[in-house]
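Scroll down for the structure; my scribbles are underneath it.
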Amino acid sequence: MSNVRYPFEGSDSDFLKAQLLYVTCATSDKDWHSMEHSHYFSELFFVTKGTGYFQIEGKQIPVQKNDLILINPNIPHTEFGNKEQPWEYIALGIEGVQFQYSEKEAPYSYSVFSLSREHREIPWYLSTLVKEIQTQQEGYQTICQNLLELILLSVARSTRQEFLSAPRQKTTRECRLVEQYINEHYHEDITLDTLSALVHINKYYLVHAFKNYKGVSPINYLIQRRVEEARYLLESTNYSVTKIGEISGFSSQSYFSQTFRRLTGTTPNAYRKKKKP
């Protein structure tokens, strides 16, 4: 019997402070339409099927299956599919990091690489990431974040890509506008799309930014605000519980009662009796 022991010394990597914001699985069809846009964060695209092209800072870049596209923060870009050969891709929104190819003549704004069979671990990590975020089993957030780090390390190893720290977006102004809007319009029909359109921020990272700002998502803050108003009305008015639910913005009496009990530990009727003996 023989064995070989390989000593290992752990290493703390400063550049792996990236935060996964979202995962997108996109499929083009005849109605595919994309407008030029930019983000404060980086994006990583991997084409899983077909052909298409990216328009980045006015330049058209053709891409095909197994191509990896890296786009840095604040770079105007859009994607176009091929009507004759529809394409599919996976996209990751990544905060806190930007890419830099080691070749000096390479453009800063983007990089495109064609992955060969010897890089097959990257597509596998990406497909596993998609599965985790779709099924959302216990611990999926930690697994997704760890998979992101594996993807970035594999990209760096396979493409001579370097990573630089990118400043995180300060969205305090936008979050304050969302908070103010909810406080003034909580009784209305408000969705995440409503709030996203209000401040012109992608809804996925609006949730991320608002959580950093208030500690809860925009929709959870909306629910808390409605329950807060309902508590005030239960204490200070003689309106029926049904009427208070309507005034506070709840769509049904049952939903109002369930939500109120979940947040306060008691029913609206019991709460009123306790506060107004």
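Residue numbers (the UniProt record's numbering): 1 to 277. Ideal placement from N, C-alpha and C gives every residue a C-beta, glycine not left out.
Please classify residue i as buried or exposed, where buried requires at least 16 neighbouring CB atoms within 10 angstroms.
i	result
GLY81	buried
PRO76	exposed
LYS274	exposed
GLU105	Caution is warranted here: a pLDDT of 48 is assigned to GLU105, below 50, making its placement in the model unreliable, and the coordinate value is therefore given only provisionally. When all chains shown are included, GLU105 counts as exposed.
HIS200	exposed
GLN98	buried
SER248	buried
ASN3	exposed
SER114	exposed
ARG160	exposed
residue 279	Limits of the chain in this structure are 1 at one end and 277 at the other, which puts residue 279 out of reach.
What did DSSP end up calling residue i once you bin it into helix, strand or coil?
i	result
ALA91	strand
PRO86	coil
ILE190	coil
PRO62	strand
ILE56	strand
SER165	strand
VAL130	helix
GLN19	strand
ARG5	coil
LEU152	helix
GLN145	helix
HIS119	helix
SER42	strand
SER109	coil
GLU174	helix
SER28	coil
LYS49	strand
What does the alpha-carbon distance come out to for the pair residue i and residue j?
i	j	result
TRP87	ALA197	28 Å
ARG261	PRO73	43 Å
ASN238	ARG272	10 Å
ARG173	ARG117	46 Å
LEU164	GLY96	9 Å
ILE219	ARG5	53 Å
LEU195	PHE45	27 Å
SER252	LEU192	19 Å
TYR140	LEU129	9 Å
TYR22	TYR125	15 Å
TYR40	TYR255	37 Å
THR142	GLU149	11 Å
ILE151	ILE94	11 Å
SER109	SER38	11 Å
GLY215	GLY52	40 Å
ILE244	LYS17	46 Å
LYS65	ILE90	11 Å
ARG226	CYS25	34 Å
VAL112	GLU84	22 Å
THR259	ASN183	18 Å
ASN146	SER127	14 Å
LEU92	VAL47	12 Å
* Evaluate the contact criterion for the stretch 228-237 versus the stretch 198-209: three or more CB pairs, one atom per stretch, below 8 Å. => These segments do not touch.
* Determine contact between the stretch 256-271 and the stretch 221-231, defined as no fewer than three beta-carbon pairs at a distance below 8 Å. => Yes, since at least three Cβ pairs between the stretch 256-271 and the stretch 221-231 fall closer than 8 Å, the two stretches touch.
* **Runs of alpha helix (DSSP H) lying entirely within the UniProt domain "HTH araC/xylS-type" (176-274), each at least 4 residues, in chain order** => You should have 192-199, 203-214, 218-236, 241-247, 253-264.
* Are at least three pairs of beta-carbons, each pair with one atom in the stretch 154-161 and one in the stretch 182-199, less than 8 Å apart? -> Using a Cβ-Cβ distance cut-off of 8 Å, the stretch 154-161 and the stretch 182-199 are not in contact, since fewer than three pairs of beta carbons, one from each stretch, lie closer than that value.
* Asked: Is there contact between the stretch 134-146 and the stretch 51-68, where contact requires at least three CB pairs shorter than 8 Å?
  -> Because the criterion of three Cβ pairs below 8 Å is not met, the stretch 134-146 and the stretch 51-68 do not touch.
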